[in-house]
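*Asks:* Here it is, the structure in full.
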Amino acid sequence: MPNPRLASRYAKSLLDLAIETGQLETVYKDMLWLQAVCKSNRDFVTLLKSPVIAGDKKIKILDAVSSNHLSKLTTAFNALLIKKSRESNLPEIATAFISQYKDNKNIHTIKITTASPMSDAVRNDIVMQVKKTAGIDNIELEEKVDKDIIGGFVLQVGDKLVDASIAHSLNTVAKEFDNNDFIYKIR
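The opening residue of the sequence shown carries number 1 in my numbering; numbering runs sequentially from there.
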């Protein structure tokens, strides 16, 4: 069961410890790797959530999977999670850590969806325009290609959404035709 408060607390503790020991960038890379593993391997997440597998076996399995990928601090943190029976929250903790890291570094994530892949020039223009308009210095761009929007783009900056897609425009026109008060409805 998802527990965002618990994930946030563990992530904050790890973030503080990483800052204190000067390993923030290393732990951030570790959490990105763990998040990617959790997203791509459902069996790994199922293993973490399984109450049947003993904690010492989970530690051995996690060490075997991550032997060359994780730092000593992250490995010790994972062992602590398993010891406290919180390993099922590892995917959420990794996501919370990444979010808190970005907040700490003042990095803003911008999501853009286009109908076809963007060129570097268009990508740079969008980043520069968002920096100028929103007054944001550190931007991380997440790109997605979705042919269903037909053309244009959908841009999300924080809680603001700009839908300049052709599909949205067509839907708006269709709604205007449906609600046209000047056409007498016979039926």
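Every residue, glycine too, gets a C-beta built ideally from N, C-alpha and C.
Hey, would you say residue 97 sits closer than 7 Å to residue 11, going by beta carbons?
*Replies:* One-based indexing of the sequence shown puts residue 97 at position 97. One-based indexing of the sequence shown puts residue 11 at position 11. Contact flag set, yes.
*Asks:* Assign residue 55 to one of three DSSP states: helix, strand, or coil.
*Replies:* Translated into the one-based positions of the sequence shown, residue 55 becomes position 55. DSSP places residue 55 in helix when its eight states are reduced to three.
*Asks:* In its own chain, which residues sit with a C-beta less than 7 Å from the C-beta of residue 139, not counting the 5 before and 5 after it?
*Replies:* The residue you call residue 139 lines up with position 139 of the sequence shown. Excluding positions up to five away in sequence, the list reads 108, 110, 127, 130 and 131.
*Asks:* Going by DSSP in three states, residue 167 sits in which element: helix, strand or coil?
*Replies:* By one-based count along the sequence shown, residue 167 stands at place 167. If DSSP states are grouped into helix, strand and coil, residue 167 belongs with the helices.
*Asks:* Opposite residue 156 in the DSSP bridges: which residues?
*Replies:* Locating residue 156 in the sequence shown gives position 156, counting from the first residue. Paired residues: 111 and 161.
*Asks:* Suppose you measure from the CA of residue 99 to the CA of residue 178; what does that come to, to the nearest Å?
*Replies:* One-based indexing of the sequence shown puts residue 99 at position 99. One-based indexing of the sequence shown puts residue 178 at position 178. Their Cα atoms are separated by approximately 43 Å.
*Asks:* Count the other CB atoms within 10 Å of the CB of residue 41; is the residue buried (16 or more) or exposed (fewer)?
*Replies:* Here residue 41 refers to the residue found at position 41 of the sequence shown. Exposed is the call here.
*Asks:* Taking just the CA atoms, how far does residue 16 sit from residue 143?
*Replies:* The count along the sequence shown starts at 1 and reaches residue 143 at position 143. The count along the sequence shown starts at 1 and reaches residue 16 at position 16. Approximately 30 Å between the Cα atoms of the pair.
*Asks:* Is the segment 112-125 touching the segment 79-94, taking contact as three or more C-beta pairs under 8 Å?
*Replies:* Counting Cβ pairs under 8 Å, fewer than three are found: no touch.
*Asks:* Straight-line CA distance for residue 56 to residue 47?
*Replies:* To locate residue 56, count along the sequence shown from 1; it is residue 56. To locate residue 47, count along the sequence shown from 1; it is residue 47. Cα-Cα distance, rounded: 13 Å.
*Asks:* Between the Cα of residue 135 and the Cα atoms of 158, 153 and 146, which residue gives the shortest distance?
*Replies:* Taking the first residue of the sequence shown as 1, we reach residue 135 at position 135. That would be 158, whose Cα lies nearest to the Cα of residue 135.
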